[in-house]
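Working notes, beginning with the structure itself.
2 protein chains.
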Amino acid sequence: MVSRLSALEEESIDYFVSFVQILGLPKSIGQIYGLFFVSSDPMAMDHVVGRLDISKGCASQGLATLKGFGAIIPVHMEGDRREHFEADFEVSKIVAHFFEETLEPRMAHGEERLNRMISISENGENPGENPIVTRLNALKKWQTRGKETIPLIKEFLKA
Amino acid sequence: MVSRLSALEEESIDYFVSFVQILGLPKSIGQIYGLFFVSSDPMAMDHVVGRLDISKGCASQGLATLKGFGAIIPVHMEGDRREHFEADFEVSKIVAHFFEETLEPRMAHGEERLNRMISISENGENPGENPIVTRLNALKKWQTRGKETIPLIKEFLKA
DNA sequence: CGGTTAGTTCAATTGATAATGAACAAATCT
DNA sequence: AGATTTGTTCATTATCAATTGAACTAACCG
Chain A
4 MVSRLSALEE ESIDYFVSFV QILGLPKSIG QIYGLFFVSS DPMAMDHVVG RLDISKGCAS
64 QGLATLKGFG AIIPVHMEGD RREHFEADFE VSKIVAHFFE ETLEPRMAHG EERLNRMISI
124 SENGENPGEN PIVTRLNALK KWQTRGKETI PLIKEFLKA
Chain B
4 MVSRLSALEE ESIDYFVSFV QILGLPKSIG QIYGLFFVSS DPMAMDHVVG RLDISKGCAS
64 QGLATLKGFG AIIPVHMEGD RREHFEADFE VSKIVAHFFE ETLEPRMAHG EERLNRMISI
124 SENGENPGEN PIVTRLNALK KWQTRGKETI PLIKEFLKA
């Protein structure tokens, strides 16, 4: 079943596809969340498959991911055994997930690497005037600053 | 010519590959910048091709991109007609470019779409109690907040 | 000038990632 | 119980962007 999407649904889907792609997430995640965001009623997987014309497998994985983010919430529908969902409208949850699962681990890994680079470079003579050590230390200061910024952004976007 | 990379160069390349990939840039951009970052001397394109074992075309495009970002600077070398470069160590330039060329245009586009969604939804009866209008307005507030955050982050990362 | 070197461009290839769809498991009917 | 519905998994396929490499232009050289 493929029923035509409303203008509102199309805009919402496009909006969230663009949104999740900035975070490096697959398009289908944005499509699904966009559909839920402007839906008046909870939907089950087969609704998603039908409206978006995507495969069952894709919808299953997308719903699982969004549920994991807390971006959609399971709701029980009386007299229907299919699992239904509705959007959690707190979009910041998706961003927070990106920060915690992607950005922060990468920064931590980057910090380790940077420390390794500094110790490799310092192993020479008079490290105080080694220009490479100087620039690595500047980079480290910058990276630390970036790391400190993330919690602030998270806090700012939350409320 | 493929000469072996030092441990420092490998760490630096990995560091910046991971870095640029968060911004959605190709790996080769990170490799090239990473190589320049820990280099003591300016390098021409054929050095880059040789050290990184990438194609001439890829190096040419990568260098052009990085030059466009202001992340590498052309330097003239006496008695050598090849164009040499050295890194500009202000890494924030690369991030600023991402903000200005990718994030800000997308946010502007998103804002338009959101306004369109709101006007579609308001076209019904008593918009004050339309739950979809309510959530779209909440999203708009959030998006505005995000937009206002970007200049702050840019400023913070600059110095 | 013709030969060589430096660098660009872009069509074709490759590689990485997401989506498909069929096989499967599990729950719910009659 | 068997039949049907619901949902998951994962190997295959499709998609899309990055890289290659060959053809090209332009600048320098002898």
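Protein chains in written order, with our numbering: chain A, 4 to 162; chain B, 4 to 162. For glycine and all other residues, C-beta sits at the position ideal for the given N, C-alpha and C.
Simplified DSSP assignment, three categories, for residue i
{"i": "residue 47 of chain B", "result": "strand"}
{"i": "residue 86 of chain B", "result": "coil"}
{"i": "residue 29 of chain A", "result": "coil"}
{"i": "residue 94 of chain B", "result": "coil"}
{"i": "residue 41 of chain A", "result": "coil"}
CA-to-CA distance, residue j to residue i, given in whole angstroms
{"i": "residue 106 of chain B", "j": "residue 159 of chain B", "result": "17 Å"}
{"i": "residue 93 of chain B", "j": "residue 70 of chain B", "result": "13 Å"}
{"i": "residue 12 of chain B", "j": "residue 29 of chain A", "result": "32 Å"}
{"i": "residue 84 of chain B", "j": "residue 45 of chain B", "result": "13 Å"}
{"i": "residue 54 of chain B", "j": "residue 78 of chain B", "result": "19 Å"}
{"i": "residue 144 of chain B", "j": "residue 22 of chain B", "result": "30 Å"}
{"i": "residue 47 of chain A", "j": "residue 87 of chain A", "result": "4 Å"}
{"i": "residue 39 of chain A", "j": "residue 148 of chain A", "result": "37 Å"}
{"i": "residue 74 of chain B", "j": "residue 18 of chain A", "result": "32 Å"}
{"i": "residue 161 of chain B", "j": "residue 97 of chain B", "result": "11 Å"}
{"i": "residue 76 of chain A", "j": "residue 138 of chain B", "result": "16 Å"}
Cβ of residue i within 8 Å of any chain A Cβ
{"i": "residue 68 of chain B", "result": "no"}
{"i": "residue 120 of chain B", "result": "yes"}
{"i": "residue 135 of chain B", "result": "yes"}
{"i": "residue 55 of chain B", "result": "no"}
{"i": "residue 18 of chain B", "result": "yes"}
{"i": "residue 37 of chain B", "result": "no"}
{"i": "residue 10 of chain B", "result": "yes"}
{"i": "residue 123 of chain B", "result": "yes"}
Closer than 8 Å to chain B by CB, residue i
{"i": "residue 91 of chain A", "result": "no"}
{"i": "residue 2 of chain A", "result": "Any property of residue 2 of chain A remains undetermined from this structure, which presents chain A solely from 4 to 162."}
{"i": "residue 14 of chain A", "result": "yes"}
{"i": "residue 41 of chain A", "result": "yes"}
{"i": "residue 52 of chain A", "result": "no"}
{"i": "residue 25 of chain A", "result": "yes"}
{"i": "residue 22 of chain A", "result": "yes"}
{"i": "residue 147 of chain A", "result": "no"}
{"i": "residue 75 of chain A", "result": "no"}
C-beta contact flag for residue i and residue j at 8 Å
{"i": "residue 51 of chain B", "j": "residue 62 of chain B", "result": "yes"}
{"i": "residue 90 of chain B", "j": "residue 36 of chain B", "result": "yes"}
{"i": "residue 57 of chain B", "j": "residue 102 of chain B", "result": "no"}
{"i": "residue 133 of chain A", "j": "residue 121 of chain A", "result": "no"}
{"i": "residue 110 of chain A", "j": "residue 150 of chain A", "result": "yes"}
{"i": "residue 41 of chain A", "j": "residue 6 of chain A", "result": "no"}
{"i": "residue 65 of chain A", "j": "residue 31 of chain A", "result": "yes"}
Exercise for review: Counting only runs of 4+ residues fully inside the segment 49–75 of chain A, write out the alpha helix (DSSP H) ranges in chain order.
Suggested key: DSSP runs (the alpha helix (DSSP H)) wholly in the segment 49–75 of chain A: 59–72.
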